[in-house]
């Protein structure tokens, strides 16, 4: 299962910069990964997903990179905007099992 | 993406009372729904998996008699917190799985329900 903590890692960037949020996942057998964005007081919002047979997938302003060798997932946000400020969670899953969430990273974007 | 709604968004209740939270999939049918709780500055903790027409599967440490889950239709799951106590105060979030293929089924989340027990 996931680990939880009382202090979220925080990434502070300036508006217009590119942001990279990292996630180390735990199960080498996981074959599906999702990034979620959660704004304060709201539920997680789906951003992008990737299967284990891929190492990169791009969306609108976002790119997810998967390195299965070191069990590492990253989310890149291009031209970060103040509206991107939120907590970002990675989640992993094996087959039809339940999602396991990472600790989360808070992204703070300064104008 | 698929839309999941929750009602109510906020609820305040007295200790000892029961509270029901509804989760609906608005534009799709969800055979599987999930209930999570989240404490401030923490990740989501899975409470139970709810399958339409069958009993929910609870995670270890979650009291099934306290957190009653009903998934009577393909678009509605309910979570009832019975005999609520202040320590049950939390942010409860439901989620629904879209698809039946397995590997790439995406999970969408509702907006959450803030429960405060006085």
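Protein chains in written order, with our numbering: chain A, 8 to 118; chain B, 163 to 280.
Ideal Cβ placement from N, Cα and C applies to all residues, glycine included.
Small disclaimer: the values here were computed from a predicted structure and weren't measured.
Since I believe residue j is in contact with residue i (beta carbons under 8 angstroms), could you give me their beta-carbon distance rounded to a whole number of angstroms?
i, j, result
"residue 183 of chain B", "residue 254 of chain B", "6 angstroms"
"residue 213 of chain B", "residue 193 of chain B", "6 angstroms"
"residue 181 of chain B", "residue 277 of chain B", "6 angstroms"
"residue 30 of chain A", "residue 80 of chain A", "4 angstroms"
"residue 56 of chain A", "residue 102 of chain A", "At roughly 15 angstroms, the Cβ-Cβ gap does not stay under 8 angstroms, so residue 56 of chain A and residue 102 of chain A are not in contact."
According to DSSP, is residue i part of a helix, a strand, or is it coil?
i, result
"residue 62 of chain A", "coil"
"residue 225 of chain B", "coil"
"residue 38 of chain A", "coil"
"residue 46 of chain A", "coil"
"residue 250 of chain B", "helix"
"residue 91 of chain A", "helix"
"residue 191 of chain B", "coil"
Using a Cβ cut-off of 8 angstroms (strictly closer), state whether residue i contacts chain E.
i, result
"residue 196 of chain B", "No chain E appears in the structure shown, which is made up of the protein chains A and B."
Are the beta-carbon atoms of residue i and residue j separated by less than 8 angstroms?
i, j, result
"residue 268 of chain B", "residue 53 of chain A", "yes"
"residue 243 of chain B", "residue 228 of chain B", "yes"
"residue 207 of chain B", "residue 220 of chain B", "no"
"residue 18 of chain A", "residue 107 of chain A", "no"
"residue 64 of chain A", "residue 86 of chain A", "no"
"residue 275 of chain B", "residue 205 of chain B", "no"
"residue 118 of chain A", "residue 22 of chain A", "yes"
"residue 279 of chain B", "residue 175 of chain B", "yes"
"residue 105 of chain A", "residue 201 of chain B", "no"
"residue 59 of chain A", "residue 78 of chain A", "no"
Give me the residue from the options with the minimum Cα distance to residue i.
i, options, result
"residue 238 of chain B", "B:171, B:215, B:208, B:179", "B:215"
"residue 209 of chain B", "B:230, B:190, B:191, B:203", "B:230"
"residue 168 of chain B", "A:34, A:74, A:49", "A:49"
"residue 27 of chain A", "A:65, A:82, A:92", "A:82"
"residue 100 of chain A", "A:25, A:16, A:32, A:20", "A:32"
"residue 252 of chain B", "B:203, B:236, B:218, B:235", "B:203"
"residue 178 of chain B", "B:211, B:257, B:248", "B:248"
"residue 115 of chain A", "A:97, A:90, A:98", "A:90"
If you measure from the CB of residue i, is any heavy atom of the ligand MG nearer than 7 angstroms?
i, result
"residue 280 of chain B", "The ligand MG is absent from the structure shown, which contains no ligand whatsoever."
What residues in its chain sit with their C-beta under 6 angstroms from that of residue i, if we drop five residues either side in the sequence?
i, result
"residue 44 of chain A", "52, 54, 93, 95"
Kindly list the residues whose CB is nearer than 7 angstroms to the CB of residue i, restricted to its own chain and excluding five residues on each side of it in sequence; keep chain order.
i, result
"residue 189 of chain B", "164, 165"
"residue 173 of chain B", "181, 275, 277"
"residue 10 of chain A", "Model confidence at residue 10 of chain A stands at a pLDDT of 39, short of 50, so the residue's coordinates are unreliable and nothing is read from them."
Skipping 5 residues on each side, what residues in its chain have a beta carbon closer than 8 angstroms to that of residue i?
i, result
"residue 235 of chain B", "214"
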